[in-house]
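Under our numbering, the first residue of the sequence shown carries the number -15, and numbering increases by one thereafter.
Heads up, the thing below is written out as structure tokens.
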Amino acid sequence: MNAFADTSSIPVSVIIPCFNQGHYLAEAIDSVLGQDHRNLEVIVVDDGSSDLTRDVAGRYPTVKYAHQANQGLSAARNTGIDLSSGKYLVFLDADDWLLPGGIPANLAFLAQNKEAGFVSGSHRKVNASGQVIEKETALPGANPYLELLQGNYIGMHGAVMYPRWVFGRFRYDTSLKACEDYDLYLKIAREYPIVHHAACIAAYRIHNTNMSGSIPFMLGAVLNVLDRQQVNTEEEKKCLENGRSNWINYYCENLYRRLPAPLPAGSENGHEALAALRKYRPDLYGKYLKRYLTMNIKTFVRKNAPAPLLKGLRKYFGRKSGDAVKMPDRLKPYSTEFGYDRGGPVDRYYIENFLQRQALHIRGSVLEIGDNAYTMRFGGGRVEKSDVLHVDEYHPQATLTGDLSHAPHVPDNSFDCIVLTQTLHLIYHYQDALKTCYRILKPGGKLLLTVPGITSIDHGEWERTWFWSFTARSVTRMLAEVFPPAETAVETHGNVLVASAFLYGLGLPELKREQMDFHDPHYQVIITAVAAKPGLS
């Protein structure tokens, strides 16, 4: 690109839509202002935020700020287009940032390819603390439209730059609640040439979050975008079918891995997920039902069948009368899915028993992270208001948006109870998350916490942000730095058999209750804690 003409004086507008992501906004703005490009316009479109977005934008005299009632991401981007004056446009989400040299790199390609509808580069995936997880580099074939029909190889909107003229023909579709960028890529790629290169342009932040709740929503959104394509040639039709199959397999296989068997009572997300499996992947739906039925049948037989019958069943099904498996003989686990595919995870027994014992604390105004399944299951009629904190501002269940380790927009003294299960190990700055919990609890409010001790590391999306395992002593000290020690109670759960079974990926139905209930504090599979914020004197 050094042979290209100087592009540093060409006006470029960077549009940053923001909805309650003010705690990330400064990093995004700084990454734009730090670009080696003289003629930059930065526009923050506040899509009805109730946090500090306006204040953050106001710290930058050169940044244009616009506020509108909440209308969604597409409308916010369209507002930014109308307010902008640049010859080229970039759209950067408030929780992401541009890498040094990102704008000059994309601009050089567009200046050389003036007929292109957009140029896209590569991006880095980073965790919530900004540490690089992986670099995403795609090499599309000769026909980008056909490639996009089969999947979104671009992956991150901040790595894309558009010429202004393209928005005289296209806009973001405000009827779409997700995948609006993918929809725009397809529209443009069908009509105009587009350019892709391998230079790394931007950083895409992966948050600690429970993805399964939004998967049915995202799957429906992406299929809706594909179904709107008016394909004509046989090649286009084949690529469209490949794309539908690719998206269905990707999302449904993630769903299947994440669904517990049985579903917790009142699990709205779980039932939506099952409906998606039944509709799009009936084979996985049947496999899930088999897993669920097998678990219930095994449990019923173990509890009710006489010993001679159990012995006969073991013999008939090829099992020895002793242990069902010889775990020390294996170098690989039976399951890499935490036992979800064998009747449900072992650790859920301890987590759900803990919440059942503490159910009276789940009352009044309750906050849960990711979804509110446990709040509704164990709180029931005691819950007056259920809030869900989620990092995705457009997640259908989210009532609050943000990262628990940095959520200044969540008001102090707001909640009677916070349910924080199997999340802290995914937060790099976990102590900051505990400080947030203390701050937003009402006086007398309770934090119900569970964390992993002895565990394998996830083979799926959580592997990228799986930072920690804990012990009772570490949890006790962590809590003591935030909560009064007299107001905390820490317990451990597990034994060597349960720990081994969990590491091997066995399911809960494969262990007896007496085996689960035996406690050996030297083998801490799960650590649970109750911490209270002192009441008003």
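Just so you know, even glycine gets a beta-carbon here, dropped at the ideal spot from N, CA and C.
Every value quoted in this text rests on a predicted model; they were computed, and no experiment measured them.
For the pair Gly270 and His255, the Cα-to-Cα distance works out to about 15 Å. For the pair of segments examined, the region 257 to 267 was found to touch the region 232 to 240: the number of CB pairs separated by less than 8 Å reaches three. For Leu388, the closest alpha carbon among the candidates Val(-4), Ser(-3), Thr(-9) and Tyr8 is that of Tyr8. Contact fails between the region 443 to 453 and the region 475 to 490, because fewer than three Cβ pairs, one in each stretch, are under 8 Å apart.
In this structure, Ala417 is the residue among Asn356, Asn54 and Ala417 with its C-alpha nearest to the C-alpha of Met462. Nearest C-alpha to Thr439 among Glu321, Val466, Gly363 and Tyr129: Glu321. Counted as a single uninterrupted DSSP element, the beta strand (DSSP E) harbouring Glu368 occupies residues Val367 to His374.
Restricting attention to Ala456, Val330 and Ser370, the CA atom closest to the CA of Glu494 is found in Val330. With the rule of 3 Cβ pairs closer than 8 Å, the region 83 to 91 counts as touching the region 14 to 25. Here Glu352 carries a strand assignment [DSSP, helix/strand/coil]. Boundaries of the alpha helix (DSSP H) around Glu219: Glu218 to Arg242.
For Arg242 and Leu490, the gap between their C-alpha atoms comes out near 15 Å. By the Cβ rule, the region -5 to 3 counts as touching the region 53 to 62, because three or more pairs are nearer than 8 Å. Given a length threshold of 3 residues, each whole run of the beta strand (DSSP E) inside the region 392 to 470 is given here in chain order: 399 to 405 and 425 to 436. Here the region 146 to 154 lies against the region 99 to 107, with 3 or more beta-carbon pairs under 8 Å apart. Between Phe154 and Lys171, the C-beta gap is smaller than 8 Å, which places the two residues in contact. Distance from the CA of Lys161 to the CA of Met202, rounded to the nearest whole angstrom, comes to 9 Å. Separation of the CB atoms of Asn208 and Tyr166 is rounded to 10 Å, and the pair is thereby denied contact status at 8 Å.
Out of Tyr333, Asp355, Asn479 and His393, the CA that lies nearest to the CA of Ile402 is found in Asp355. Apart from the 5 residues on each side of it in sequence, Ile424 sits with its Cβ closer than 8 Å to the Cβ of Leu351, Ala391, Val394, Pro395, Asp396, Asn397, Ser398, Phe399 and Ile402 in its chain, given in chain order. Secondary structure of Asp501 (DSSP, three-state): helix.
Where Tyr49 is concerned, the enclosing beta strand (DSSP E) starts and stops at Lys48 to Gln52. Measuring C-alpha to C-alpha distances from Leu315 to each of Val74, Tyr488, Val459 and Asn97 identifies Tyr488 as the nearest. Judged by beta-carbon spacing, Cys184 lies within the 8 Å limit of His107, meaning their Cβ atoms are closer than that value. Of the residues Val40, Tyr272 and Glu447, the one whose Cα lies closest to the Cα of Tyr240 is Tyr272. Looking at the DSSP output, Ser(-3) bridges to Glu25 and Leu73. An exposed status is given to Trp452, since fewer than 16 other beta-carbon atoms sit within 10 Å of its beta-carbon. Per the DSSP secondary-structure output, Leu82 pairs in a beta bridge with Ala186. Shown here, His255 sits in a helix according to DSSP, grouped into three states. Straight-line measurement puts the Cα of Tyr49 at about 49 Å from the Cα of Gly323. CA-to-CA, the gap between Gln499 and Thr455 works out to about 21 Å. Beta-bridge annotation (DSSP): Met140 is not paired with any residue. Beta bridge pairing from DSSP links Met145 with Val74 and Val103. Nearest Cα to Val435 within the set Gly364, Arg497 and Glu336: Glu336.
Arg326 has its alpha-carbon roughly 42 Å from the corresponding atom of Leu168.
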